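Enquirer: My questions will all concern the structure given below.
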Amino acid sequence: MSVPEKIQGWAAIEAKGQLRQIEMPTPKIGPNDVLLKVLACGVCHSDLHLINNDWGYSTYPLVPGHEILGKVVARGEGVHHLALDTVVGVGWQRSACLHCEDCLNARDNMCAESQATCVGHPGGYADFHVSDSRYCFPLPKGMEKPESAPLLCGGATVFNPLTSLLEGNLARTGRVGIVGLGGLGHFAAKFARAMGLELTVFSSSPRKKQEAEAMGAHHFIASTQPGAIASQGRTLDMVLVTANVDLPWSEYLKTIRSEGSLCFVGIPPSAIQVRVGELMGHRVRLTASPIASRAQIHQMLDFCAVHDITADAEVFPMTQVNDVLQKVKANQVHYRAVLTR
Numbered sequence: 485m486s487v488p489e490k491i492q493g494w495a496a497i498e499a500k501g502q503l504r505q506i507e508m509p510t511p512k513i514g515p516n517d518v519l520l521k522v523l524a525c526g527v528c529h530s531d532l533h534l535i536n537n538d539w540g541y542s543t544y545p546l547v548p549g550h551e552i553l554g555k556v557v558a559r560g561e562g563v564h565h566l567a568l569d570t571v572v573g574v575g576w577q578r579s580a581c582l583h584c585e586d587c588l589n590a591r592d593n594m595c596a597e598s599q600a601t602c603v604g605h606p607g608g609y610a611d612f613h614v615s616d617s618r619y620c621f622p623l624p625k626g627m628e629k630p631e632s633a634p635l636l637c638g639g640a641t642v643f644n645p646l647t648s649l650l651e652g653n654l655a656r657t658g659r660v661g662i663v664g665l666g667g668l669g670h671f672a673a674k675f676a677r678a679m680g681l682e683l684t685v686f687s688s689s690p691r692k693k694q695e696a697e698a699m700g701a702h703h704f705i706a707s708t709q710p711g712a713i714a715s716q717g718r719t720l721d722m723v724l725v726t727a728n729v730d731l732p733w734s735e736y737l738k739t740i741r742s743e744g745s746l747c748f749v750g751i752p753p754s755a756i757q758v759r760v761g762e763l764m765g766h767r768v769r770l771t772a773s774p775i776a777s778r779a780q781i782h783q784m785l786d787f788c789a790v791h792d793i794t795a796d797a798e799v800f801p802m803t804q805v806n807d808v809l810q811k812v813k814a815n816q817v818h819y820r821a822v823l824t825r
């Protein structure tokens with residue numbers, strides 16, 4: 485198809501404002517870029533933070549969206565690995581330098597020169613999207629559906645530390661705990677069970693016990709009940725925190741075996757308060773994990789195709805974007821929301 489002169493998108497014009505439909509020039513398609521016809525785009529809490537300028541670097545008008553499924557409809561002269569009409573996914577990261585120490589060691593997700601998909605560039609809440617082809621990931625057969633879109637950010641974010649657990653020396657018992665069964669946590673639960681790990685889910689919502697077990701949890705801890713966290717004992721190799729609230733971290737540290745880790749992928753609002761002695765006695769690691777690298781995203785998509793893993797998602801037309809953002813803000817969406825065109 486011919487490249488359209490204009491793109492229609494949904495944009496925040498100012499911080500904390502509702503999104504409006506706008507028209508903008510189609511970004512230049514560079515030699516390594518592709519033009520995607522957007523098929524679907526997941527709605528992530530990070531989109532809300534960007535719209536509200538919570539992180540202090542948003543510029544307006546801002547077109548959010550970084551969990552994109554799209555079809556390749558045009559490509560730069562340097563793109564040979566993606567054929568036209570290929571359905572690809574795009575996540576939070578749109579580029580990296582690809583020559584620094586981190587990039588050369590398959591840690592391009594930590595590149596100091598990386599750029600985000602919808603920071604300074606129009607994101608996926610639009611009819612078309614231009615992205616670096618090297619950060620476009622072909623969808624395996626059978627995965628080309630809206631429910632796959634949240635894998636590109638939410639799924640990849642939790643797949644990263646879980647694979648690190650398996651590849652490192654921590655997986656001595658294969659027991660992992662997931663704190664929170666929401667947008668990130670439900671991916672973590674599905675991955676952990678498919679990886680053959682013994683899974684404990686900690687949730688402040690006792691009503692989620694049945695859902696956790698359906699996703700593969702062997703044990704469910706209603707974390708707000710007195711003594712419930714302590715009842716787990718020191719049995720877990722890793723506790724993966726997917727919640728973004730302040731919790732009794734000292735109690736969770738006591739569930740971790742010697743040389744295990746408390747790993748954050750959710751971002752609590754306050755500083756993490758623990759005493760060094762709580763880490764020292766059992767050499768427990770306090771760590772955090774960012775988005776996934778290119779290699780990990782390819783690996784995750786293949787893994788999901790084999791194990792038939794997608795998001796538990798509610799799908800909405802993109803015209804309802806403002807209503808959907810309010811639902812996400814109010815935690816009224818069942819795990820994940822996806823917008824379709």
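Be aware that the sequence shown starts at 485, since it is given in our numbering, and climbs by one per residue.
Cβ coordinates follow ideal geometry from the N, Cα and C atoms, glycine included.
These figures come from a predicted structure and were not determined experimentally.
Helix, strand or coil: which one does DSSP assign to T771?
Expert: Strand, per DSSP.
Enquirer: I need the straight-line Cα distance from G608 to A633, nearest angstrom please.
Expert: One C-alpha to the other measures close to 11 Å.
Enquirer: Which class does T719 belong to by DSSP, given the choice of helix, strand or coil?
Expert: If DSSP states are grouped into helix, strand and coil, T719 belongs with coil.
Enquirer: Between E735, F612, L668, L503, which has its C-alpha nearest A797's C-alpha?
Expert: Among E735, F612, L668, L503, the Cα nearest to that of A797 is on L668.
Enquirer: Near H782, which residues of its chain fall below 7 Å by C-beta distance, leaving aside the five closest residues on each side in sequence?
Expert: Within the same chain, H782 has close Cβ partners F621.
Enquirer: Do K738 and M699 have their CB atoms nearer than 8 Å?
Expert: It is not a contact, given that the beta carbons lie outside the stated cut-off.
Enquirer: Write down every uninterrupted run of the alpha helix (DSSP H) in the stretch 559-645 whose length is 4 residues or greater and which is fully enclosed by it, in chain order.
Expert: List check, alpha helix (DSSP H) in window: 585-588.
Enquirer: Which one or two residues does DSSP pair with R504 in a beta bridge?
Expert: DSSP output for R504 lists A495 as bridge partner(s).
Enquirer: Alpha carbon to alpha carbon, what distance is there between R559 and F800?
Expert: Whole-angstrom Cα-Cα distance: 29 Å.
Enquirer: On a CA-only basis, which of T641, I740, R659 is nearest H703? Give me that one, please.
Expert: For H703, the nearest C-alpha among the options comes from R659.
Enquirer: Check C747 in the structure and name its three-state DSSP category.
Expert: Residue state, collapsed to three classes: strand.
Enquirer: Using a threshold of 8 Å, state whether the C-beta atoms of K629 and T803 are closer than that.
Expert: No, the pair does not count as a contact, with Cβ atoms beyond the cut-off.
Enquirer: Between which residues of its own chain and R767 is the CB-CB distance below 8 Å, once the five residues before and five after are set aside?
Expert: Same-chain partners within the cutoff: S742, E743.
Enquirer: Can you give the Cα-Cα distance for D592 and A779, rounded to whole angstroms?
Expert: Answer to the nearest angstrom: the Cα atoms are 9 Å apart.
Enquirer: For A590, which residues in the same chain have their Cβ closer than 6 Å to its Cβ, ignoring the five residues on either side in sequence?
Expert: Around A590: S777, A779.
Enquirer: What does the alpha-carbon distance come out to for the pair S687 and E695?
Expert: Rounded to the nearest angstrom, the two C-alpha atoms are 11 Å apart.
Enquirer: Hey, out of V522, H564, Q810, whose CA is closest to L553's CA?
Expert: Per the Cα distances, V522.
Enquirer: Taking C-beta to C-beta, are M627 and A524 nearer than 8 Å?
Expert: No. Outside cutoff.
Enquirer: Of the choices P509, Q502, I775, whose alpha-carbon is the least far from that of I535?
Expert: Minimum Cα distance to I535 is reached at Q502.
Enquirer: Could you please give the first and the last residue of the uninterrupted beta strand (DSSP E) stretch that includes P540?
Expert: Note that residue 540 is Gly in the sequence shown, not Pro. Premise fails: G540 is in no beta strand (DSSP E) and is neither H nor E.
Enquirer: Can you tell me the Cα-Cα spacing of E697 and T684, whole angstroms?
Expert: Using only the alpha carbons, I get a separation of about 10 Å.
Enquirer: What span of residues does the beta strand (DSSP E) with D517 cover, start to end?
Expert: That run of the beta strand (DSSP E) goes 517-527.
Enquirer: Drop a sphere of 10 angstroms on the beta-carbon of K692, count the other beta-carbons inside from all chains shown, and report buried for 16 or more, exposed for fewer.
Expert: By the 10 Å Cβ count, K692 comes out buried.
Enquirer: Do you know whose CA, among V808, R825, T824, lies nearest V817's CA?
Expert: Out of V808, R825, T824, V808 has the C-alpha closest to the C-alpha of V817.
Enquirer: Grouping DSSP H, G and I as helix and E and B as strand, with all else coil, what is K512?
Expert: Coil, per DSSP.
Enquirer: Give the DSSP bridge partners of I740, in chain order.
Expert: Note: I740 sits in a beta bridge opposite L720.
Enquirer: To test your reading of the DSSP string, which unbroken alpha helix (DSSP H) runs of 4 or more residues are found completely within the stretch 775-799?
Expert: Here the runs fully enclosed are 778-791.
Enquirer: Alpha carbon to alpha carbon, how far is I756 from R820? Give it in angstroms, no decimals.
Expert: R820 and I756: Cα-Cα distance of roughly 27 Å.
Enquirer: Apart from the five residues just before and just after Q599, which ones in its own chain have a Cβ nearer than 6 Å to its Cβ?
Expert: Same-chain partners within the cutoff: R578, S579.
Enquirer: Look at the Cβ atom of P732, then the Cβ atom of A706, and state whether they are nearer than 8 Å.
Expert: No, Cβ-Cβ distance for P732 and A706 is not below 8 Å.
Enquirer: Would Y736 and I713 be called neighbours here (beta carbons separated by less than 8 Å)?
Expert: Cβ distance < 8 Å, so Y736 and I713 count as in contact.
Enquirer: Between which two residues does the alpha helix (DSSP H) carrying V805 extend?
Expert: Note, V805: alpha helix (DSSP H), 805-813.
Enquirer: Between the Cα of V760 and the Cα atoms of L636, E489, S734, A496, which residue gives the shortest distance?
Expert: For V760, the nearest C-alpha among the options comes from S734.
Enquirer: DSSP beta-bridge partners for S687?
Expert: A706.
Enquirer: Report the three-state DSSP secondary structure of G666 (helix, strand or coil).
Expert: If DSSP states are grouped into helix, strand and coil, G666 belongs with coil.
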